[in-house]
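Down below is the structure, laid out as structure tokens.
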Amino acid sequence: MTIKEIQDEIIDEFSMFDDWMQRYEYIIELGKTLPLIKEEYKTDDNLIKGCQSKVWLQGEEQNDKIVFTADSDAILTKGIIAILIRAFSNQKAKDILEADTDFIDEIGLKEHLSATRANGLVSMIKNIKMYALAFDAKNKN
Numbered sequence: 006m007t008i009k010e011i012q013d014e015i016i017d018e019f020s021m022f023d024d025w026m027q028r029y030e031y032i033i034e035l036g037k038t039l040p041l042i043k044e045e046y047k048t049d050d051n052l053i054k055g056c057q058s059k060v061w062l063q064g065e066e067q068n069d070k071i072v073f074t075a076d077s078d079a080i081l082t083k084g085i086i087a088i089l090i091r092a093f094s095n096q097k098a099k100d101i102l103e104a105d106t107d108f109i110d111e112i113g114l115k116e117h118l119s120a121t122r123a124n125g126l127v128s129m130i131k132n133i134k135m136y137a138l139a140f141d142a143k144n145k146n
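See below:
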């Protein structure tokens with residue numbers, strides 16, 4: 006599936022819920038499906054700066070695609086990074102760089118987070134894009 010198709014699928018899932026309590030519960034459930042980062046990668050280098058809670062993100066290239074794993078010490082944050090990984094993992098670096106993140110606004114996520122969590126969300130997206138940028142540059146050499 007393309008990033009856009011996955012994002013549309015996420016938008017459809019979130020539209021099934023009537024209120025934000027149900028959506029928060031769903032985000033927490035999604036966190037339980039997160040492809041967990043190996044303990045050896047839970048280092049300061051993989052810690053996302055700007056997040057209220059601790060979030061580790063690691064990406065590696067497999068067959069021209071970037072595969073992300075992550076973890077967080079907070080259940081809601083774990084769900085948020087799970088949504089992002091679902092959208093951007095197993096995609097080509099170029100596609101990640103070109104993808105927009107409007108789906109975040111469409112599901113209303115940013116507006117229903119505290120300011121510090123919203124900043125953390127922006128930092129998570131930035132880190133995913135930085136991985137894509139690094140792999141894209143490496144592949145051009």
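Mapped onto the working numbering, the consecutive letters of the sequence shown carry residue numbers 6 to 146. Note that the Cβ used here is the ideal one computed from N, Cα and C, for glycine as well.
Per DSSP, what kind of secondary structure is Ser119 in: helix, strand or coil? Position 114 of the sequence shown holds residue 119. Coil, per DSSP.
So what does Gly36 bridge to, in DSSP terms? Residue mapping note: residue 36 aligns to position 31 of the sequence shown, counting from 1. Gly36 pairs with nothing; no bridge assigned.
Once you ignore the five residues that flank His117 on each side, which residues in its own chain have a CB closer than 7 Å to its CB? Along the sequence shown, read from residue 1 onward, the residue named residue 117 stands at position 112. Same-chain partners within the cutoff: Trp25.
Report the three-state DSSP secondary structure of Asp76 (helix, strand or coil). Here residue 76 refers to the residue found at position 71 when the sequence shown is read from its first residue. Strand at Asp76.
Could you check what DSSP says for Gln96 in three-state terms: helix, strand or coil? Looking up residue 96 in the sequence shown gives position 91. Of the three classes helix, strand and coil, the one that applies to Gln96 here is strand, per DSSP.
Helix, strand or coil for Gly84? Go by DSSP, reduced to three states. Walking along the sequence shown from the start, residue 84 turns up at place 79. Assigned with DSSP and collapsed to three states, Gly84 falls in helix.
Do Ala2 and Ile42 have their C-beta atoms closer together than 8 Å? Residue 2 is absent from the model: the chain starts at 6 and stops at 146.
Best match in Ile15, Met6 and Glu10 for proximity to Ile88 [C-alpha to C-alpha]: Within the sequence shown, the letter at position 83 stands for residue 88. Of Ile15, Met6 and Glu10, the residue nearest in Cα terms is Ile15.
Is the Cβ-Cβ distance between Ala150 and Ile71 less than 8 Å? This structure cannot speak to residue 150, because the chain is shown only from 6 to 146.
Could you tell me whether the Cβ atoms of Ile101 and Ala123 are closer together than 8 Å? The count along the sequence shown starts at 1 and reaches residue 101 at position 96. The count along the sequence shown starts at 1 and reaches residue 123 at position 118. It is not a contact, given that the beta carbons lie outside the stated cut-off.
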